[in-house]
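**Q** Dropping a structure here in structure tokens format, bear with me for questions.
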Ligand SMILES: [Zn+2]
């Protein structure tokens, strides 16, 4: 496996590019005899791509492009395989997920027994008394049809405190030793905004802890991560993303630690995707004071938008809705930051030239965020601020019109319908036709993106395509069929729209001469595939900046 350029090589590329015009460069690599889908309307299909110094030198027919070959040119016959631009995951948490994969047990397993076994195995390799941590547990996906209990964890791991995070990130499951360490017993009262669950029959701790009550446990789990661990996390997740055809991703809840980890991974050659690193609003004052704003960085690591949160989550059913959840008539979800808070932080960032990305899932949350954006733009108009609505899940015609008028960018969950189908029933058939509303966005001319939100959602781009095109889950249930889009549209959503969302549409997102050589070679053509099997299309190779980041 080859690596992304190191810092020195990258700077070398820049210097060389400014000394020699692109036309005079020699083709280092030519991919030919391919079915190249460019996502460039001027030349939608072609056969061959010439690459030099990490960029696309030329595209065209085999005859035209092979003509550019010189003695040193490497040629690869694609055997008619399909080439697409590399995929852009516009909302994900890769650096965070990377360190979680490093230190935690992946509990995305299909039975409680399998989770017990995985935790037992990790405990056997962990000194007694030290924490055994898990993540990606999903109570709706295990064969037993019931949530994990404290007894399950005590039986599997009696001598280590155990802490398992739910996939959605808002609840955790623990064993008795963990509660003992945290000083929690059956009589401990719920803290404000949190819940310590009890067994309804016995009144004993059930093992589940929700929302702010998680802090009681967090404070007793030692934070042992070093600067190197964070770089290693990026290295690990880089390989996972490259394998699926992703060449760029947004770190949607970024911190200064993430930004540093990305720079470290870039310099060590371990960063295999281009990172657009959001900065959480809590750090915005120090960032502005240091003269930092959105766009600072280079083609591999760039400062993204300031991140805020208006409401709750879709997968854990806390998004703020105007009409109640199905079967829960008094439950409308929660508001996380008030409109005044969103405005106060938003004003600082907007005035300092930052892009803003606000997590807004429910129609009430989206309405509130739009009101803040509209006010900011009215009070201090900025050319092309590209406000982002992170997730922007439940919409209506009025919201879509306002998004269009503002030029804002929604980043809806791309794989939820396919992967989290069992959670869709909480929203009801009618509402589903207004959720992850790509059809409505595209019809209005809004540049919505592909976005996984990993770890809560799966990041595989071919799964995103299948989910968006079929609106069908793994079991064959259809959710919100009015929002279906075509494969061709889904590819644009996953490439050029993602580039636009980070102001980089002139750099990447389509295959054009002068753009970066970020692409993916697929085993089959998604445009000719049965939409119900798109997820099975194999990724054969991924290239970022002219180097193979994955080869099957
Ligand atoms: Zn997120």
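Residue numbers (the working numbering): 1317 to 1868. Ideal placement from N, C-alpha and C gives every residue a C-beta, glycine not left out.
Could you tell me whether the segment 1534 to 1551 touches the segment 1566 to 1580, using the rule of 3 or more Cβ pairs below 8 Å?
**A** yes
**Q** When every heavy atom of ligand 1 is checked, does at least one fall within less than 7 Å of the C-beta of residue 1769?
**A** Position 453 of the chain shown holds residue 1769. With a threshold of 7 Å, the Cβ atom of residue 1769 counts as near ligand 1, since some heavy atom of the ligand is closer than that.
**Q** Heavy atom of ligand 1 less than 7 Å from the Cβ of residue 1671, yes or no?
**A** In the chain shown, the residue the question calls residue 1671 occupies position 355. Flag unset: Cβ of residue 1671 not near ligand 1.
**Q** Between the C-alpha atoms of residue 1442 and residue 1541, what's the straight-line distance to the nearest angstrom?
**A** As a position in the chain shown, residue 1442 is number 126, starting the count at 1. As a position in the chain shown, residue 1541 is number 225, starting the count at 1. Each residue's Cα considered, the two are about 16 Å apart.
**Q** Using C-beta distances below 7 Å, list every residue in its chain close to residue 1339, excluding the 5 sequence neighbours before and after it, in chain order.
**A** For this step, residue 1339 is matched to residue 23 along the chain shown. Only weak support exists for where residue 1339 lies, its pLDDT of 49 falling under 50; the coordinates are left without a value.
**Q** Give the single residue among 1677, 1736, 1703, 1510 whose Cα lies nearest to the Cα of residue 1722.
**A** The sequence position of residue 1722 within the chain shown is 406, counting from 1. Nearest option by C-alpha distance: 1703.
**Q** What did DSSP end up calling residue 1482 once you bin it into helix, strand or coil?
**A** The residue given as residue 1482 occupies position 166 in the chain shown. Strand, per DSSP.
**Q** Going by C-alpha to C-alpha distance, which of 1380, 1371, 1342 sits closest to residue 1349?
**A** For this step, residue 1349 is matched to residue 33 along the chain shown. Ranking the options by Cα distance to residue 1349, first place goes to 1380.
**Q** Would you say residue 1486 touches ligand 1, meaning its beta carbon is less than 7 Å from a heavy atom?
**A** Residue mapping note: residue 1486 aligns to position 170 of the chain shown, counting from 1. Outside the cutoff, so no.
**Q** Rounded to the nearest angstrom, how far is the Cβ of residue 1782 from that of residue 1810, given a contact under 8 Å?
**A** Numbered from 1 along the chain shown, position 466 holds the residue referred to as residue 1782. Numbered from 1 along the chain shown, position 494 holds the residue referred to as residue 1810. Actually they do not touch by this definition, with Cβ atoms about 12 Å apart.
**Q** Note down, in chain order, each residue of its chain lying with its Cβ closer than 8 Å to the Cβ of residue 1272, except the 5 sequence neighbours on either side.
**A** The shown model of the chain, from 1317 to 1868, leaves out residue 1272, and the question about it has no answer.
**Q** Below 7 Å, is the gap between the Cβ of residue 1568 and the nearest heavy atom of ligand 1?
**A** Stepping through the chain shown from its first residue, residue 1568 is reached at position 252. Yes, Cβ of residue 1568 sits closer than 7 Å to a heavy atom of ligand 1.
**Q** Rounded C-beta distance between residue 1838 and residue 1397? I'm assuming under 8 Å.
**A** For the purposes of this step, residue 1838 is identified with residue 522 of the chain shown, where counting begins at 1. For the purposes of this step, residue 1397 is identified with residue 81 of the chain shown, where counting begins at 1. That pair is a contact at about 7 Å.
**Q** For residue 1829, I'd like the list of residues in its chain whose CB is within less than 6 Å of its CB, leaving aside the five on either flank, ordered along the chain.
**A** As a first step, residue 1829 must be located in the chain shown, where it is residue number 513. Only 1372, 1374 meet the Cβ criterion.
**Q** Kindly confirm or deny that the segment 1555 to 1564 and the segment 1398 to 1410 touch, where touching means at least three C-beta pairs closer than 8 Å.
**A** yes
**Q** To the nearest angstrom, how far is it from the Cα of residue 1651 to the Cα of residue 1735?
**A** As a first step, residue 1651 must be located in the chain shown, where it is residue number 335. As a first step, residue 1735 must be located in the chain shown, where it is residue number 419. Their backbone Cα atoms lie some 26 Å apart in a straight line.
**Q** Check this for me: beta carbons of residue 1557 and residue 1410, under 8 Å apart or not?
**A** For the purposes of this step, residue 1557 is taken as residue 241 along the chain shown, with counting starting at 1. For the purposes of this step, residue 1410 is taken as residue 94 along the chain shown, with counting starting at 1. In contact: residue 1557 and residue 1410 (Cβ atoms closer than 8 Å).
**Q** Which same chain residues, not among the five before or five after residue 1424, have their C-beta less than 6 Å away from its C-beta?
**A** Translated into positions along the chain shown, residue 1424 becomes position 108. Once the five neighbours on either side are set aside, the close Cβ partners of residue 1424 are 1452.
**Q** Compare the C-beta of residue 1825 with all C-beta atoms of chain D and state if any pair is closer than 8 Å.
**A** The displayed structure is made up of one protein chain only, and chain D is not part of it.
**Q** Leaving out the 5 sequence neighbours to the left and right, which residues in its chain are closer than 6 Å to residue 1638 when beta-carbon positions are compared?
**A** On the chain shown, residue 1638 is found 322 positions in, with the first residue counted as 1. Here the set comprises 1679, 1680.
**Q** Give me the Cα-Cα distance between residue 1690 and residue 1755, rounded to the nearest whole angstrom.
**A** Here residue 1690 refers to the residue found at position 374 when the chain shown is read from its first residue. Here residue 1755 refers to the residue found at position 439 when the chain shown is read from its first residue. Their backbone Cα atoms lie some 24 Å apart in a straight line.
**Q** Taking 7 Å as the cut-off, is the beta-carbon of residue 1750 closer than that to any non-hydrogen atom of ligand 1?
**A** Here residue 1750 is taken as the residue at index 434 of the chain shown, counted from 1. For ligand 1, not one heavy atom lies less than 7 Å from the Cβ of residue 1750.
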